[in-house]
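**Q**
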Ligand code: 8YV
């Protein structure tokens, strides 16, 4: 590290233990109010900074990256997804981008499974009914849902989180198939008892529970458009814990409203924190407010990764979680 302490701008409030470690190690500029910063505020606050720590709520597009002070050499993202950063523009400016993989895998998979259970077992609908005081008591035909056991799970994106979802689904007796750009090693497929489907459309037609776990890139924008949503069986449910933009939300709302799909469990949205109003009106959708990595364990570990990436970059020019430059 340089003799003077490196200057680090953090755009959102981070867990206290992480902020205090950063205060000890760096000349750190924190966002105590935790109000998302506009592009101009980021540019001004980054004056003289070596590193910026962004989150998913910042948009580091080519225009903002071009305006960053020359001193900025690293964007140490707090989070694994980097779709909010224009990687090509960063590379062109000689700015390295890092992220925080692995540490949030299990917690994000847990949220996927929570939604997978909550939707077909109608848990949130039930919670609303009990709270309303209108529950009339048990009956053989009351609030009957569907079981997960034996149902066909289709996973789009079989990276770390997709595989963690598959491991959990095995415990629920689901039959696992996946669509991924690359087929997994045979041993991994065997361990997960998962079948590769090269053709996404074919997989969709044979899927009861669809879990989206791929990154959001220009290629995956609206990957689940109206045509593909219509390939799913009528009693299928859709779970999205990846990025909202991968599903055409308006098309999803239409399919759910007219019974072409049975339900959806969503943790992410196309225009967060706004949610498609047509979806909000539906009882067969369970919403979570982007909770994938929201455990104290994940958030601290993400912060530790950010610190390791900053020091790895400044000391050895070799951060452990360097995102492939484009
Ligand atoms: C994070 C996520 O909380 O890591 C990600 O990509 O989607 C979330 O779980 C968020 O990105 C923090 O920046």
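Residue numbers (my numbering): -5 to 320.
Ideal Cβ placement from N, Cα and C applies to all residues, glycine included.
#1: Throw me the rounded Cβ distance for the residue 362 and residue 160 pair, which I believe falls under 8 Å.
#2: Nearest to residue 301 by alpha carbon, out of 273, 157, 93?
#3: If distances are taken between C-alpha atoms only, which option among 77, 60, 284 comes closest to residue 212?
#4: With hydrogens ignored, establish whether the beta-carbon of residue 286 is closer than 7 Å to any heavy atom of the ligand 8YV.
#5: Decide if the region 45 to 52 is in contact with the region 0 to 11; the criterion is three or more beta carbon pairs, one per stretch, under 8 Å apart.
#6: Consult DSSP for residue 7 and reduce its assignment to one of helix, strand or coil.
#7: So residue 92 is in the beta strand (DSSP E); what residue range does that whole segment cover?
#8: Tell me whether residue 34, by its Cβ, gets closer than 7 Å to a heavy atom of the ligand 8YV.
#9: Within the present structure, is the beta-carbon of residue 281 separated from the nearest heavy atom of the ligand 8YV by less than 7 Å?
#10: From residue 54 to residue 81, what does the alpha carbon distance come to, in whole angstroms?
#11: Is any heavy atom of the ligand 8YV found at a distance shorter than 7 Å from the C-beta of residue 92?
#12: Determine whether the beta carbon atoms of residue 258 and residue 220 lie at a separation below 8 Å.
#13: Give me the Cα-Cα distance between residue 238 and residue 310, rounded to the nearest whole angstrom.
#14: Report, in whole angstroms, the separation of the C-beta atoms of residue 307 and residue 37, which I expect to be a contact under 8 Å.
#15: For residue 21, which residues from the same chain have a beta carbon less than 6 Å from its beta carbon, with the 5 sequence-adjacent residues on both sides left out?
#16: Excluding the 5 residues preceding and the 5 following residue 315 in the sequence, name in chain order all residues of the same chain whose CB lies nearer than 7 Å to its CB.
#17: For a quick check, are the C-beta atoms of residue 69 and residue 83 less than 8 Å apart?
#18: Between residue 159 and the ligand 8YV, is there a pair consisting of the residue's CB and a ligand heavy atom that are separated by less than 7 Å?
#19: Give a single yes or no on whether residue 107 has its beta carbon closer than 7 Å to a heavy atom of the ligand 8YV.
#20: Three or more C-beta pairs closer than 8 Å, one from the region 162 to 172 and one from the region 140 to 152: is that the case here?
#21: From 263, 201, 178, 64, pick the residue whose C-alpha is nearest to that of residue 40; which is it?
#22: Less than 7 Å separating the Cβ of residue 54 from some heavy atom of the ligand 8YV?
#23: What are the partner residues of residue 205, as DSSP defines its beta bridges?
#24: Please report the residue range of the beta strand (DSSP E) in which residue 281 lies.
#25: Among all the DSSP beta bridges, which residues are the ones paired with residue 21?
#26: What are the uninterrupted segments assigned as alpha helix (DSSP H) that are 4 or more residues long and contained completely in the region 236 to 278, given in chain order?
#27: Give me the DSSP bridge partner(s) of residue 189.
#28: Taking all protein chains shown into account, decide if residue 179 is buried (16 or more other Cβ within 10 angstroms of its Cβ) or exposed.
#29: Check residue 54 in the structure and name its three-state DSSP category.
#30: So if DSSP puts residue 47 in a beta bridge, which residue, or which two residues, is it bridged to?
#31: How about residue 218 and residue 241: are their beta carbons less than 8 Å apart?
#32: Is residue 98 near the ligand 8YV, in the sense that its beta carbon is under 7 Å from a heavy atom of that ligand?
#33: What is the residue span of the alpha helix (DSSP H) that residue 117 lies within?
**A** The short version:
#1: Nothing in the structure corresponds to residue 362, since the chain is present only between -5 and 320.
#2: Reading the chain shown from its first residue, position 307 is the one you call residue 301. Checked all of 273, 157, 93; the closest Cα to residue 301 is 93.
#3: Sequence index remark: in the chain shown, residue 212 carries index 218 (1-based). Looking at the Cα atoms, 77 is the closest of the given residues.
#4: Taking the first residue of the chain shown as 1, we reach residue 286 at position 292. In terms of side-chain proximity, the C-beta atom of residue 286 is found nearer than 7 Å to a non-hydrogen atom of the ligand 8YV.
#5: yes
#6: Numbered from 1 along the chain shown, position 13 holds the residue referred to as residue 7. Coil at residue 7, not helix or strand.
#7: In the chain shown, counting from the first residue as 1, residue 92 sits at position 98. 90 to 92 is the extent of the beta strand (DSSP E) around residue 92.
#8: Within the chain shown, the letter at position 40 stands for residue 34. No, Cβ of residue 34 sits at least 7 Å from all heavy atoms of the ligand 8YV.
#9: Here residue 281 is taken as the residue at index 287 of the chain shown, counted from 1. No, Cβ of residue 281 sits at least 7 Å from all heavy atoms of the ligand 8YV.
#10: The sequence position of residue 54 within the chain shown is 60, counting from 1. The sequence position of residue 81 within the chain shown is 87, counting from 1. Going by the C-alpha atoms only, they are around 9 Å apart.
#11: By one-based count along the chain shown, residue 92 stands at place 98. Because no heavy atom of the ligand 8YV lies under 7 Å away, the Cβ of residue 92 does not count as near it: no.
#12: The residue given as residue 258 occupies position 264 in the chain shown. The residue given as residue 220 occupies position 226 in the chain shown. It is not a contact, given that the beta carbons lie outside the stated cut-off.
#13: To locate residue 238, count along the chain shown from 1; it is residue 244. To locate residue 310, count along the chain shown from 1; it is residue 316. Looking at the two C-alpha atoms, the distance is approximately 36 Å.
#14: Residue mapping note: residue 307 aligns to position 313 of the chain shown, counting from 1. Residue mapping note: residue 37 aligns to position 43 of the chain shown, counting from 1. Contact between residue 307 and residue 37 does not hold, since the beta-carbon distance rounds to 21 Å and is not under 8 Å.
#15: The sequence position of residue 21 within the chain shown is 27, counting from 1. Residues -1, 1 of the same chain have their beta carbon placed closer than 6 Å to that of residue 21, with the five preceding and five following residues left out of the count.
#16: Position 321 of the chain shown, counted from the start, is the residue given in the question as residue 315. Once the five neighbours on either side are set aside, the close Cβ partners of residue 315 are 92, 93, 94, 95, 299, 303.
#17: For the purposes of this step, residue 69 is taken as the residue at position 75 of the chain shown. For the purposes of this step, residue 83 is taken as the residue at position 89 of the chain shown. Result no, Cβ atoms of residue 69 and residue 83 do not sit closer than 8 Å.
#18: Position 165 of the chain shown, counted from the start, is the residue given in the question as residue 159. Incorrect: residue 159 has no Cβ contact closer than 7 Å to the ligand 8YV.
#19: The count along the chain shown starts at 1 and reaches residue 107 at position 113. No; taking the cut-off as 7 Å, the Cβ of residue 107 has no heavy atom of the ligand 8YV nearer than that.
#20: yes
#21: As a working note, residue 40 is residue 46 in the chain shown. That would be 64, whose Cα lies nearest to the Cα of residue 40.
#22: Translated into the one-based positions of the chain shown, residue 54 becomes position 60. No.
#23: Within the chain shown, the letter at position 211 stands for residue 205. Answer is 149, 233.
#24: In the chain shown, counting from the first residue as 1, residue 281 sits at position 287. Counting along the chain, the beta strand (DSSP E) containing residue 281 begins and ends at 279 to 281.
#25: For the purposes of this step, residue 21 is taken as the residue at position 27 of the chain shown. DSSP output for residue 21 lists 1 as bridge partner(s).
#26: 243 to 251, 271 to 274
#27: Working through the chain shown from its first residue, we reach residue 189 at position 195. Note: residue 189 sits in a beta bridge opposite 171.
#28: Here the question's residue 179 lines up with position 185 in the chain shown. Under this definition residue 179 is an exposed residue.
#29: Looking up residue 54 in the chain shown gives position 60. If DSSP states are grouped into helix, strand and coil, residue 54 belongs with the strands.
#30: On the chain shown, position 53 is the one that residue 47 refers to. DSSP output for residue 47 lists 4 as bridge partner(s).
#31: As a first step, residue 218 is located in the chain shown; it is residue number 224 there, counting from the start. As a first step, residue 241 is located in the chain shown; it is residue number 247 there, counting from the start. Yes, the Cβ-Cβ distance between residue 218 and residue 241 is below 8 Å.
#32: Counted from its first residue, the chain shown places residue 98 at position 104. Answer for residue 98: yes, Cβ within range of the ligand 8YV.
#33: For this step, residue 117 is matched to residue 123 along the chain shown. Element bounds for residue 117: 117 to 126.
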